[in-house]
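> What follows is a structure written as structure tokens; I'll ask about it next.
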Amino acid sequence: MWPRLRSLWRTVGFGERYVPTPKTAAARRDAYERDGFVSGGVLLDDTTLSTLRAEFDRIHAMGLGAQDLRIAEGPGREYYRIADLHRRSTAFERLVRHPVLVARLAELTGLDAFRVVTDQVQFKPPRVGGRNAWHRDMPTFPLERPYTGLTAWIALDDATRETGCMRMVPGSHRWGDAQDLAVEGDGWGLPGVASLSTYHGHSVEIVSRPVPAGHVHFHHAMVWHESGRNKTRHKRRAFAIHFAGADDRYRGNRWTKLEGLRDGDPLDAVAPLVVRARTP
Numbered sequence: 013m014w015p016r017l018r019s020l021w022r023t024v025g026f027g028e029r030y031v032p033t034p035k036t037a038a039a040r041r042d043a044y045e046r047d048g049f050v051s052g053g054v055l056l057d058d059t060t061l062s063t064l065r066a067e068f069d070r071i072h073a074m075g076l077g078a079q080d081l082r083i084a085e086g087p088g089r090e091y092y093r094i095a096d097l098h099r100r101s102t103a104f105e106r107l108v109r110h111p112v113l114v115a116r117l118a119e120l121t122g123l124d125a126f127r128v129v130t131d132q133v134q135f136k137p138p139r140v141g142g143r144n145a146w147h148r149d150m151p152t153f154p155l156e157r158p159y160t161g162l163t164a165w166i167a168l169d170d171a172t173r174e175t176g177c178m179r180m181v182p183g184s185h186r187w188g189d190a191q192d193l194a195v196e197g198d199g200w201g202l203p204g205v206a207s208l209s210t211y212h213g214h215s216v217e218i219v220s221r222p223v224p225a226g227h228v229h230f231h232h233a234m235v236w237h238e239s240g241r242n243k244t245r246h247k248r249r250a251f252a253i254h255f256a257g258a259d260d261r262y263r264g265n266r267w268t269k270l271e272g273l274r275d276g277d278p279l280d281a282v283a284p285l286v287v288r289a290r291t292p
């Protein structure tokens, strides 16, 4: 392991402990099934990290596209979502196909092929980076249920409490639709989560998930999570890839309908990229 990442493995941020990756495939899958998330370990070396950072900065400097968002939560508090990088950059396309990444997906789910639903770089500028409110990643995505949805969250910069790492509620992927916690049915909400002790019989705990640059972290599409503000002089960039099972099928719902698709259709027309785990 590279010296810089080895030191971050021990401690990141201001004395904050990094949660190490479980050592065996069985332990990683158990943690993912129990909590709805798990650390995936080192994915990128320093050279690849530099390439991806430069590539993101180049795209971001070109201005926001139709699929991109700038979200401001007040004066001097903002963050950006730059979407579908795998369609706009060969470096990011290679990343969504990374064999170690896809092998981890297979390990956690038992599947061997995955569809890239979408991706996004979440960029929190230095000192003014805003928070990403409580949400789930694909609560109303138009897919037949049950479906396999999970996110691979790759830190391009160190994600600590000070730079705005994710916070998650263990086990909340088992809460079902939980629409009484959502706002306008889109999965955003969870008001007053810090004051909740239980939700319909489920205990509520909030844990921080710091991720060193170059590491990957996986979470279920229905786990509740947020991320805080970036208070530092450093950028906080993370690349989130939203996957579903390659064979998952379309089903429109009251929140989302995709033109040209009928219920039961495959998603090739809207999300054509499928990645496959290598067989031993």
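Residue numbers (my numbering): 13 to 292. All C-beta atoms, glycine included, are put in the ideal place defined by N, C-alpha and C.
Please confirm if alanine 258 has its CB atom under 8 angstroms from at least one CB of chain B.
Of the protein chains in the structure, only one exists, and it is not chain B.
> How close, in whole Å, do the beta carbons of serine 286 and phenylalanine 126 come, if the pair is a contact with beta carbons under 8 angstroms?
Per the sequence shown, the amino acid found at residue 286 is valine instead of serine. Contact flag correct, Cβ pair sits at about 7 angstroms.
> Counting pairs of beta carbons, one from the stretch 263-276 and one from the stretch 138-154, are three or more of them closer than 8 angstroms?
Contact between the stretch 263-276 and the stretch 138-154 is present, because at least three Cβ pairs lie under 8 angstroms.
> Can you list, in chain order, the residues of its chain whose CB lies under 8 angstroms from that of proline 128, leaving out five sequence neighbours each side?
Rather than proline, the amino acid found at residue 128 in this sequence is valine. Only His98, Val108, Ile253, His254, Phe255, Ala283, Leu285, Val286, Val287 meet the Cβ criterion.
> Per the DSSP calculation, glutamine 134 is bridged to which residue(s)?
DSSP output for glutamine 134 lists Arg93, Ala250 as bridge partner(s).
> Taking only three categories from DSSP, how would you classify isoleucine 218?
Coil, per DSSP.
> On the three-state DSSP scale, how would you describe arginine 99?
Helix.
> Hey, could you find the ends of the beta strand (DSSP E) valine 287 is sitting in?
Where valine 287 is concerned, the enclosing beta strand (DSSP E) stretches over 286-288.
> Could you tell me the boundaries of the alpha helix (DSSP H) in which serine 62 lies?
That run of the alpha helix (DSSP H) goes 58-73.
> Would you tell me roughly how many angstroms separate the C-alpha atoms of arginine 40 and leucine 55, rounded to the nearest one?
Taking the straight line from one Cα to the other gives about 15 angstroms.
> Mind checking whether glycine 48 and histidine 227 have CB atoms under 8 angstroms apart?
Going by C-beta atoms, glycine 48 is not nearer than 8 angstroms to histidine 227.
> From glycine 188 to methionine 234, what does the alpha carbon distance come to, in whole angstroms?
Roughly 8 angstroms between the two C-alpha positions.
> Taking 8 angstroms as the cut-off, does the stretch 156-167 touch the stretch 106-123 (at least 3 CB pairs, one atom from each stretch)?
Touching, per the Cβ criterion.
> Would glutamate 119 be called buried (16 or more neighbouring beta carbons within 10 Å of its own) or exposed?
So glutamate 119 counts as buried.
> What did DSSP end up calling tyrosine 159 once you bin it into helix, strand or coil?
Residue state, collapsed to three classes: coil.
> So, using beta-carbon positions, are glycine 176 and glycine 240 closer together than 8 angstroms?
Cβ atoms of glycine 176 and glycine 240: closer than 8 angstroms.
> Starting from glutamate 119, trace the alpha helix (DSSP H) both ways and give me its first and last residue.
Unbroken alpha helix (DSSP H) run through glutamate 119: 111-121.
> Just how far apart, CA to CA, sit phenylalanine 135 and alanine 78?
Those two C-alpha atoms are separated by around 17 angstroms.
> Does the Cβ of glycine 50 have 16 or more other Cβ atoms within 10 Å, making it buried, or fewer, making it exposed?
A small fix is needed here, since residue 50 is valine in this sequence, not glycine. Valine 50 should be labelled buried.
> Report yes if the C-beta distance between aspartate 260 and leucine 273 is below 8 angstroms; otherwise report no.
No; because the gap between Cβ atoms is not below 8 angstroms, this pair is not in contact.
> Give every residue of the same chain whose Cβ lies closer than 6 angstroms to the Cβ of valine 31, excluding the five residues on either side of it in the sequence, and list them in chain order.
The residues are Ser51.
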